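First the structure, in the form of structure tokens, and then the observations on it.
Number of protein chains: 2
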Amino acid sequence: MKTVHNFNAGPCILPQPAVEAGVKALTNFKDSGLSVIEISHRSKDWEAVMAECEAQWRELLHIPDNYKVLFLTGGASTQFMMVPFNLFHTKAAYLETGVWAKKAYAEAKGLHGDAAVKVASSADRNYNYIPKGYDVPKDADYFHITTNNTIYGTEIHTDYDSPVPLVADMSSDIMSRPLDVAKYGLIYGGAQKNVGTAGVTFVIVREDVLGKTGRYIPTILDYTSHIKNGSMYNTPPVFPIFIMNETLKWVKSQGGVAGMYKQNVEKAALLYNEIDRNKLFVGTAEKEDRSLMNVCFVMNKGFENKEEAFLNFAKEKGMVGIKGHRSVGGFRASIYNACPKESVQALIDCMREFERSEA
Amino acid sequence: MKTVHNFNAGPCILPQPAVEAGVKALTNFKDSGLSVIEISHRSKDWEAVMAECEAQWRELLHIPDNYKVLFLTGGASTQFMMVPFNLFHTKAAYLETGVWAKKAYAEAKGLHGDAAVKVASSADRNYNYIPKGYDVPKDADYFHITTNNTIYGTEIHTDYDSPVPLVADMSSDIMSRPLDVAKYGLIYGGAQKNVGTAGVTFVIVREDVLGKTGRYIPTILDYTSHIKNGSMYNTPPVFPIFIMNETLKWVKSQGGVAGMYKQNVEKAALLYNEIDRNKLFVGTAEKEDRSLMNVCFVMNKGFENKEEAFLNFAKEKGMVGIKGHRSVGGFRASIYNACPKESVQALIDCMREFERSEA
Numbered sequence: 000m001k002t003v004h005n006f007n008a009g010p011c012i013l014p015q016p017a018v019e020a021g022v023k024a025l026t027n028f029k030d031s032g033l034s035v036i037e038i039s040h041r042s043k044d045w046e047a048v049m050a051e052c053e054a055q056w057r058e059l060l061h062i063p064d065n066y067k068v069l070f071l072t073g074g075a076s077t078q079f080m081m082v083p084f085n086l087f088h089t090k091a092a093y094l095e096t097g098v099w100a101k102k103a104y105a106e107a108k109g110l111h112g113d114a115a116v117k118v119a120s121s122a123d124r125n126y127n128y129i130p131k132g133y134d135v136p137k138d139a140d141y142f143h144i145t146t147n148n149t150i151y152g153t154e155i156h157t158d159y160d161s162p163v164p165l166v167a168d169m170s171s172d173i174m175s176r177p178l179d180v181a182k183y184g185l186i187y188g189g190a191q192k193n194v195g196t197a198g199v200t201f202v203i204v205r206e207d208v209l210g211k212t213g214r215y216i217p218t219i220l221d222y223t224s225h226i227k228n229g230s231m232y233n234t235p236p237v238f239p240i241f242i243m244n245e246t247l248k249w250v251k252s253q254g255g256v257a258g259m260y261k262q263n264v265e266k267a268a269l270l271y272n273e274i275d276r277n278k279l280f281v282g283t284a285e286k287e288d289r290s291l292m293n294v295c296f297v298m299n300k301g302f303e304n305k306e307e308a309f310l311n312f313a314k315e316k317g318m319v320g321i322k323g324h325r326s327v328g329g330f331r332a333s334i335y336n337a338c339p340k341e342s343v344q345a346l347i348d349c350m351r352e353f354e355r356s357e358a
Numbered sequence: 000m001k002t003v004h005n006f007n008a009g010p011c012i013l014p015q016p017a018v019e020a021g022v023k024a025l026t027n028f029k030d031s032g033l034s035v036i037e038i039s040h041r042s043k044d045w046e047a048v049m050a051e052c053e054a055q056w057r058e059l060l061h062i063p064d065n066y067k068v069l070f071l072t073g074g075a076s077t078q079f080m081m082v083p084f085n086l087f088h089t090k091a092a093y094l095e096t097g098v099w100a101k102k103a104y105a106e107a108k109g110l111h112g113d114a115a116v117k118v119a120s121s122a123d124r125n126y127n128y129i130p131k132g133y134d135v136p137k138d139a140d141y142f143h144i145t146t147n148n149t150i151y152g153t154e155i156h157t158d159y160d161s162p163v164p165l166v167a168d169m170s171s172d173i174m175s176r177p178l179d180v181a182k183y184g185l186i187y188g189g190a191q192k193n194v195g196t197a198g199v200t201f202v203i204v205r206e207d208v209l210g211k212t213g214r215y216i217p218t219i220l221d222y223t224s225h226i227k228n229g230s231m232y233n234t235p236p237v238f239p240i241f242i243m244n245e246t247l248k249w250v251k252s253q254g255g256v257a258g259m260y261k262q263n264v265e266k267a268a269l270l271y272n273e274i275d276r277n278k279l280f281v282g283t284a285e286k287e288d289r290s291l292m293n294v295c296f297v298m299n300k301g302f303e304n305k306e307e308a309f310l311n312f313a314k315e316k317g318m319v320g321i322k323g324h325r326s327v328g329g330f331r332a333s334i335y336n337a338c339p340k341e342s343v344q345a346l347i348d349c350m351r352e353f354e355r356s357e358a
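Here the protein sequences come in this chain order: A and B.
Take the first sequence: its position 151, counting from 1, is numbered 150 in numbering that gives the first Met the number 0, and each next residue is one higher.
Take the second sequence: its position 20, counting from 1, is numbered 19 in numbering that gives the first Met the number 0, and each next residue is one higher.
This is the structure in structure tokens:
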């Protein structure tokens, strides 16, 4: 195999033990003579995977007993409308920190019009910071935030105190740091960054936020259907859940979320320090809001014409997925949990070498 | 590996070349040095898989140009509500041929009350036949059918002439026979029987049935969002789509759907003939409506107390997944496309041996 350093924004690098376990299970699951994708989801062997996966979520994030953990499908984009379907009664509040936050808000607005309110936005500076100092209406049914903004490289680093149930899209930073789950009403996300492959969506929900809308909720969109059926209301996405379970085993082996956080802080510091030091590059996000997951940077003033050259240079050195999103430009290195420090160091070496070559 | 004969109802046996291709891609996708679940869904290599998968659907089923092919998530249960969300305007008609058909109807009723009408039901005889001789209201927006009823072993063997757009849940018999797609307005299903593993849902939709509701449709539930974005409105379920594409390659290698149909007719005839011949067993479905996919049978009169003994006997011989659904009892052998004739013959041998041992 070629040596590559995988900085894809998602789907992205996964822990290699999880991928290897996937290969094994795909070939012969628990010595059944069958592939994990050929067995009944009602079999004991499969139910054991589901149970282990939930238990690992609970253990790793210290999820209190009055919260349910669900494994659904449809990604965060599906949660954008499931949240208002299940939680909206009279008013909802949204914080706009990027395009995904905006899309979440748009679904609430599409369903409930002006009763969905935007409390603050960082659109004025292309979402390069996290708004502060706004008020959350105390009569809102919930307050929705996006904790990490992959495109812009900003992140909410603390668990907010909210006067109403806090709903968080944590698609791209779940399991990257210890979390006080009790401060949230609902947490959701697509798995394809820190907790597995595309095709499974996690939801952590405090039971008392449900059942208050007084409306018909289509069965498959109703969290209570999935709660009652242990995430098996219908056939679950078997293989993505298998990979999620293996990914969580790896997180545990790294010292859990505390261990991951330590590694993530270290990796991000190395890379941001290089960006700040290297005369060719400049970071795009406000320093205090810089994401530990997605490091966004562009060519510094005077070097704008070197962008293509650096992309090619880095590609030659085995860097994959560092082109920035078109709405920010430049570069984005996604250094999720499974991205090894060695890859971060390889990118730094690459930036230094390019700087020398341009001297 | 143990020799097993996999009769699981779904997730179920898959073509072994598809599973093997999955193992290879999981290890090193197209010599990228990365797993197929670690690459960007916006990469050329991935877009090529999506395009090939759609092209294969079109080729195998001769799908006319005015139909779109979509790869979504959430299974048939999600389509139960997406269909009314997208197609319901004033009235919808449903045929009730089993529990899945009933659930589809319930979602239309939940959203639109009595404007969702049931044209006929076979609930009076525990869904062991397909109703005939009913009228479909000509002012309905669509007429919904479930072509194969896994639990009861019944199947609609022809493409109905419908006065209004025909909507078909083909989760468990798609690709099992040639199809006149032009007779349908919309066809959908979960992949986990004949076209892959759980986690991806196919939709084939004639464009002119869309855009008529006059209501806000949540973006992710709107077929037009997915049409505009080539099934990449959000991150697609990468691995399940990969397996689907490989499964279709295998279908093609078997002579396409005509080849599959020939094999399916032969396999089903062998097994039904044995059920009809063997004094210990009796089929549960009306003969003319017998499914080619799910063969349901129970112990014959006088032998009811042998059920447990036969299950154990068959298990010893390597038969997996032949216990019938609790609402029918007895046995169900699911003999989907990928189930080899050898497995059907092994089950027949097992039935004969058991008959001799009971003589």
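Where a beta carbon is used, it is the ideal one built from N, C-alpha and C, also for glycine.
The structure presented is a predicted model; accordingly, all values stated were derived computationally and were not measured.
Note down the Cα distance separating residue i from residue j, rounded to an integer number of angstroms.
i	j	result
A:Gly-132	A:Ala-167	18 Å
B:Ala-91	B:Ala-107	8 Å
A:Gly-191	A:Pro-239	According to the sequence as given, residue 191 of chain A is Gln; it is not Gly. A:Gln-191 and A:Pro-239: Cα-Cα distance of roughly 9 Å.
B:Cys-338	B:Cys-11	9 Å
B:Leu-185	B:Glu-265	29 Å
B:Phe-28	B:Ala-122	48 Å
A:Ala-17	B:Thr-157	45 Å
A:His-4	A:Met-318	5 Å
B:Tyr-141	B:Met-231	27 Å
A:Gly-97	A:Ala-75	14 Å
B:Arg-325	B:Ile-150	9 Å
A:Met-49	B:Asn-125	32 Å
A:Ala-100	B:Leu-209	28 Å
B:Arg-355	B:Ala-268	22 Å
B:Asp-30	B:Ala-20	13 Å
A:Asn-228	A:Leu-165	25 Å
A:Arg-351	A:Asn-336	24 Å
A:Val-163	A:Lys-117	15 Å
B:Met-298	B:Ile-321	13 Å
B:Tyr-183	B:Tyr-271	30 Å
Using a Cβ cut-off of 7 Å (strictly closer), state whether residue i contacts chain A.
i	result
B:Ala-364	Since the first residue shown for chain B is 0 and the last is 358, residue 364 of chain B is missing from the structure and cannot be characterised.
B:Glu-106	yes
B:Val-22	yes
B:Val-256	no
B:Met-80	yes
B:Leu-247	no
B:Thr-212	no
B:Gly-112	no
B:Leu-25	yes
B:Ile-62	no
B:Ser-326	no
B:Ile-321	no
B:Tyr-151	no
B:Glu-37	yes
B:Tyr-215	yes
Taking only beta-carbon positions, decide if residue i is within less than 7 Å of chain B.
i	result
A:Leu-361	Outside the shown range of chain A, which is 0 to 358, sits residue 361 of chain A, and nothing can be said about it.
A:Phe-379	In this structure chain A extends from 0 to 358, so residue 379 of chain A is not present and cannot be described.
A:Val-48	no
A:Val-237	yes
A:Ile-219	yes
Is the CB of residue i under 7 Å away from at least one CB in chain D?
i	result
A:Ser-171	You won't find chain D in this structure, because its protein chains are A and B.
For this session: Starting from the N-terminal side, write out each stretch of the alpha helix (DSSP H) that is 4 residues or longer and does not extend beyond the stretch 306-339 of chain A.
Result: 306-315
Exercise. Within the chosen definition, does the stretch 294-310 of chain B reach the stretch 320-338 of chain B through at least 3 CB pairs nearer than 8 Å?
Worked result: yes
Exercise. The stretch 328-345 of chain B: which residues have C-beta closer than 8 Å to a C-beta of chain A, in chain order?
Worked result: none
Problem set entry | Cβ contact (3+ pairs, closer than 8 Å) linking the stretch 67-74 of chain A and the stretch 225-240 of chain A | Yes, the stretch 67-74 of chain A touches the stretch 225-240 of chain A.
Exercise. So, do the stretch 210-230 of chain B and the stretch 258-275 of chain A have three or more beta carbon pairs nearer to each other than 8 Å?
Worked result: Inter-segment contact for the stretch 210-230 of chain B and the stretch 258-275 of chain A is absent: fewer than three beta-carbon pairs are separated by less than 8 Å.
Problem set entry | Under 9 Å (Cβ pairs) to chain A, residues found in the stretch 189-201 of chain B | With the criterion set as a beta carbon lying under 9 Å from some beta carbon of chain A, the members of the stretch 189-201 of chain B are Gly-189, Gln-191, Gly-195, Thr-196, Ala-197, Gly-198, Val-199 and Thr-200, in sequence order.
Exercise. Within the chosen definition, does the stretch 164-180 of chain A reach the stretch 246-258 of chain A through at least 3 CB pairs nearer than 8 Å?
Worked result: In this structure the stretch 164-180 of chain A touches the stretch 246-258 of chain A; the number of beta carbon pairs closer than 8 Å is three or more.
Problem set entry | chain B contacts made by the stretch 1-14 of chain A, where a contact means CB separation under 8 Å | Hits within the stretch, in order: Lys-1, Thr-2, Val-3, Asn-5, Asn-7, Ala-8, Gly-9, Pro-10, Cys-11, Ile-12 and Leu-13.
For this session: Ignoring anything shorter than 3 residues or poking outside the stretch 225-311 of chain B, list the beta strand (DSSP E) runs there in chain order.
Result: 280-282 and 293-298
Exercise. Whole alpha helix (DSSP H) runs in the stretch 47-93 of chain B with 4 or more residues, listed along the chain?
Worked result: 74-86
For this session: Flag this pair as touching only if the stretch 54-65 of chain A and the stretch 32-45 of chain B have three or more C-beta atom pairs under 8 Å; answer yes or no.
Result: no
Exercise. What are the start and end residues of each continuous beta strand (DSSP E) run of 3 or more residues lying completely inside the stretch 131-205 of chain A, in chain order?
Worked result: 142-145, 165-168, 185-189 and 200-205
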